[in-house]
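In the numbering used here, the protein residues as written are 30 to 358.
Just so you know, even glycine gets a beta-carbon here, dropped at the ideal spot from N, CA and C.
It should be emphasised that the depicted structure is a prediction, and the values quoted were computed from it without experimental measurement.
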Amino acid sequence: MRRGTDVDEAARVIRAGGLVAMPTETVYGLAADATQPAAIARIYAAKGRPPAHPLIVHLAEDAALADWVDAPPPMAAALAAAFWPGPLTLILRRGARLPAALSASSDTVGVRVPAHPLAQMLLAAVDRPLAAPSANRFGAVSPTTADHVVAELGAAVDYVLDGGPCWVGVESTIVDLTGARPTMLRPGGVARAELERVLQQPLVDGGADAAPAPGRLPSHYAPRAQVEAATVDDALAVARAAAARGERVAILAGAARFRTWPALPDDVRGAVLPDDVAAAARALFATLRELDGAGVDRIVAVDGWGDGLGEAITDRLARAAGPRPQEPR
Ligand code: TXA
Ligand code: MG
Numbered sequence: 030m031r032r033g034t035d036v037d038e039a040a041r042v043i044r045a046g047g048l049v050a051m052p053t054e055t056v057y058g059l060a061a062d063a064t065q066p067a068a069i070a071r072i073y074a075a076k077g078r079p080p081a082h083p084l085i086v087h088l089a090e091d092a093a094l095a096d097w098v099d100a101p102p103p104m105a106a107a108l109a110a111a112f113w114p115g116p117l118t119l120i121l122r123r124g125a126r127l128p129a130a131l132s133a134s135s136d137t138v139g140v141r142v143p144a145h146p147l148a149q150m151l152l153a154a155v156d157r158p159l160a161a162p163s164a165n166r167f168g169a170v171s172p173t174t175a176d177h178v179v180a181e182l183g184a185a186v187d188y189v190l191d192g193g194p195c196w197v198g199v200e201s202t203i204v205d206l207t208g209a210r211p212t213m214l215r216p217g218g219v220a221r222a223e224l225e226r227v228l229q230q231p232l233v234d235g236g237a238d239a240a241p242a243p244g245r246l247p248s249h250y251a252p253r254a255q256v257e258a259a260t261v262d263d264a265l266a267v268a269r270a271a272a273a274r275g276e277r278v279a280i281l282a283g284a285a286r287f288r289t290w291p292a293l294p295d296d297v298r299g300a301v302l303p304d305d306v307a308a309a310a311r312a313l314f315a316t317l318r319e320l321d322g323a324g325v326d327r328i329v330a331v332d333g334w335g336d337g338l339g340e341a342i343t344d345r346l347a348r349a350a351g352p353r354p355q356e357p358r
């Protein structure tokens with residue numbers, strides 16, 4: 030594993046069928062040439078990701094969407110114009126130039142145009158779409174720094190392109206445009222209200238009948254510690270009870286929440302996120318990693334993050350609180 034800021038070196042690795050950790054504005058991706066099935070297979074192996082879970086494809090800013098997907102609907106053009114480059118993934122009909130191996134053999138594909146300049150430089154240098162899931166082991170927390178990638182995947186990556194910390198900090202919003210109504214499969218970096226303003230209609234929530242997406246499994250985005258949701262009113266009692274059982278406990282909440290409590294018990298650690306929801310999203314995954322690093326057994330996550338990016342924070346904490354990763358299904 031090499032690491033640096035050399036886009037040309039990263040492009041050589043990709044062309045040769047290798048894996049590059051690519052910075053994006055949301056989280057780091059584990060990138061390979063989306064047109065090379067063998068390179069795609071390496072992504073699944075490196076992540077330990079079950080083959081039934083499709084990858085998303087990243088396009089250059091000047092790429093023609095119609096080269097890679099079939100018959101994108103007018104809504105795709107409207108959303109692309111409003112939010113690309115940026116943290117929005119659209120599920121569309123996969124074009125013939127993209128291999129079936131990308132999408133778990135489904136005829137759909139997720140595409141997005143990332144905003145990070147190094148991702149765009151890499152896309153321009155390679156001149157191919159890049160398949161890239163988040164650069165973490167299957168089921169684990171997404172990396173938001175190059176150090177996180179090294180800690181997660183180490184030798185499984187050929188080159189880590191270091192673009193500094195990701196500035197959105199949670200993954201892209203996923204909107205499925207292949208059904209009768211636009212459907213949100215994952216809340217993320219673009220707020221629901223902004224999307225609905227452009228679409229001029231409400232988004233349907235991805236339900237049981239939606240395309241399977243591992244980001245929607247309850248087991249995802251989980252640190253080692255057990256996450257438990259709490260309200261601002263019951264967080265202290267929940268934390269005290271866990272500490273009394275001998276667990277190492279932290280309360281995770283915005284700064285204003287902490288100010289409503291007179292004090293924290295001695296045996297409960299405070300993990301303070303900024304009150305600004307964008308800053309909290311940026312810090313969330315690094316904070317979960319730090320708590321794991323500190324040997325915390327239980328994270329009591331206080332609710333009430335609101336809408337916009339707050340919806341993504343609530344979603345990731347709820348998934349982290351779910352059951353541990355299951356066998357492929
Ligand atoms: O912000 C992001 O989206 C990051 C950065 C690296 O771009 N990528 C990312 O990829 O989060 P990944 O693979 O960790 O999550 C993408 C989600 C998965 O839950 C996947 O199942 C879903 O998108 N997905 C991909 N293709 C799909 C498809 N054709 N239909 C339904 N869901 C799909
Ligand atoms: Mg992921």
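1) What ranges does the alpha helix (DSSP H) occupy inside the region 257-287, keeping only unbroken runs of at least 4 residues that lie completely in it?
2) I'd like the span of the beta strand (DSSP E) that includes R298, first residue to last.
3) Indicate whether the contact test is met: 3 or more Cβ pairs, each with one atom in the region 295-311 and one in the region 219-230, closer than 8 Å.
4) Find the nearest neighbour of Y73 within the set P216, D234, L206 and F167, judged by alpha-carbon distance.
5) CB-CB under 6 Å to P231, same chain, minus the five flanking residues each way: which ones, in chain order?
6) Looking only at C-alpha atoms, which of A300, R345, G115 and E276 sits nearest to F287?
7) Can you name the start and end residues of the alpha helix (DSSP H) that Y73 belongs to?
8) With a threshold of 16 other CB atoms inside 10 Å of the CB of R123, please say whether the residue is buried or exposed.
9) Taking the alpha carbon of L108 as the point to measure from, which residue in V142, P83, P128 and D176 has its own alpha carbon closest?
10) H163 bridges to which residues according to DSSP?
11) With a threshold of 16 other CB atoms inside 10 Å of the CB of P52, please say whether the residue is buried or exposed.
12) Quick check on DSSP: helix, strand or coil for T173?
13) What separation, rounded to the nearest whole angstrom, lies between the Cα atoms of T137 and D99?
14) Note the first and the last residue of the continuous alpha helix (DSSP H) segment covering V42.
15) I need the DSSP call for V197, collapsed to helix, strand or coil.
16) Using only CA atoms, which one of G33, R345, V267 and H145 lies nearest to F314?
17) Between A160, L302, M150 and A81, which lies nearest to D191 when the distance is taken from Cα to Cα?
18) In chain order, what residues of the same chain have a beta carbon less than 8 Å from the beta carbon of I342, not counting five sequence neighbours either side?
19) Does the ligand NAD have a heavy atom nearer than 8 Å to the CB of E319?
20) With burial defined as no fewer than 16 other Cβ atoms inside 10 Å of the residue's Cβ, what is the status of E90: buried or exposed?
21) Could you please give the first and the last residue of the uninterrupted beta strand (DSSP E) stretch that includes L117?
22) Exposed or buried, which one is A237 when buried takes at least 16 other CB atoms within 10 Å?
23) Below 9 Å between beta carbons: does that hold for L159 and G58?
24) How long is the line joining the alpha carbons of P354 and A81, rounded to whole angstroms?
25) Please state whether DSSP places R215 in a helix, a strand or coil.
26) Of the residues A279, T289 and W290, which one's Cα is nearest the Cα of E319?
27) Can you confirm whether the region 247-264 touches the region 324-332 when touching is taken to mean that 3 or more C-beta pairs between the two stretches lie within less than 8 Å?
In short, the structure shows the following:
1) Fully enclosed alpha helix (DSSP H) runs of 4 or longer: 264-273.
2) If you number the sequence shown from 1, residue 298 lands on position 269. From DSSP, the beta strand (DSSP E) with R298 extends over V297 to L302.
3) Taking one beta carbon from each stretch, the region 295-311 and the region 219-230 have fewer than 3 pairs nearer than 8 Å; the two do not touch.
4) Here residue 73 is taken as the residue at index 44 of the sequence shown, counted from 1. Taking the Cα of Y73 as reference, the smallest distance to any Cα among P216, D234, L206 and F167 is reached at F167.
5) For the purposes of this step, residue 231 is identified with residue 202 of the sequence shown, where counting begins at 1. Around P231: E225.
6) Taking the first residue of the sequence shown as position 1, residue 287 is located at position 258. Residue A300 is the option with its Cα nearest to F287.
7) For the purposes of this step, residue 73 is taken as residue 44 along the sequence shown, with counting starting at 1. Its alpha helix (DSSP H) spans residues P66 to K76.
8) Locating residue 123 in the sequence shown gives position 94, where the first residue counts as 1. Its Cβ being crowded by 16 or more others within 10 Å, R123 is buried.
9) Here residue 108 corresponds to residue number 79 of the sequence shown, with the count starting at 1. Ranking the options by Cα distance to L108, first place goes to V142.
10) For the purposes of this step, residue 163 is taken as residue 134 along the sequence shown, with counting starting at 1. Looking at the sequence shown, residue 163 is not His but Ser. BP columns for S163 point to G58.
11) Numbered from its first residue, the sequence shown carries residue 52 at position 23. When all chains shown are included, P52 counts as buried.
12) Counted from its first residue, the sequence shown places residue 173 at position 144. Of the three classes helix, strand and coil, the one that applies to T173 here is coil, per DSSP.
13) As a first step, residue 137 must be located in the sequence shown, where it is residue number 108. As a first step, residue 99 must be located in the sequence shown, where it is residue number 70. T137 and D99 have their alpha carbons spaced roughly 9 Å apart.
14) Along the sequence shown, one-based indexing puts residue 42 at 13. V36 to R44 is the extent of the alpha helix (DSSP H) around V42.
15) Translated into positions along the sequence shown, residue 197 becomes position 168. Under the three-state reduction of DSSP output, V197 falls in the coil class, being neither helix nor strand.
16) Indexing the sequence shown from 1 puts residue 314 at position 285. Looking only at G33, R345, V267 and H145, the smallest Cα-Cα distance to F314 is reached by R345.
17) If you number the sequence shown from 1, residue 191 lands on position 162. Comparing Cα positions, the closest option is M150.
18) Reading the sequence shown from its first residue, position 313 is the one you call residue 342. Cβ within range, chain order: V199, V306, A309, A310, L313 and W334.
19) The ligand content of the structure shown is limited to the ligand TXA and the ligand MG, which means the ligand NAD is not among them.
20) The residue you call residue 90 lines up with position 61 of the sequence shown. E90 is exposed by the Cβ-count criterion.
21) Counting from one through the sequence shown, the residue named residue 117 turns up at place 88. The continuous beta strand (DSSP E) containing L117 extends over residues L117 to R123.
22) Counted from its first residue, the sequence shown places residue 237 at position 208. The pLDDT assigned to A237 is 41, lower than 50, so where the model puts this residue is not dependable; a value taken from the coordinates is nonetheless given after this. Result: exposed.
23) As a first step, residue 159 is located in the sequence shown; it is residue number 130 there, counting from the start. As a first step, residue 58 is located in the sequence shown; it is residue number 29 there, counting from the start. L159 is a Cβ neighbour of G58, given a cutoff of 9 Å.
24) On the sequence shown, position 325 is the one that residue 354 refers to. On the sequence shown, position 52 is the one that residue 81 refers to. Note on P354: pLDDT 49, under 50, position unreliable in the model; the coordinate value appears next. Here the C-alpha atom of P354 lies approximately 14 Å from the C-alpha atom of A81.
25) Taking the first residue of the sequence shown as 1, we reach residue 215 at position 186. In the structure shown, R215 falls within a strand segment according to DSSP collapsed to helix, strand and coil.
26) As a working note, residue 319 is residue 290 in the sequence shown. Answer by Cα proximity: A279.
27) Segments in contact, yes.
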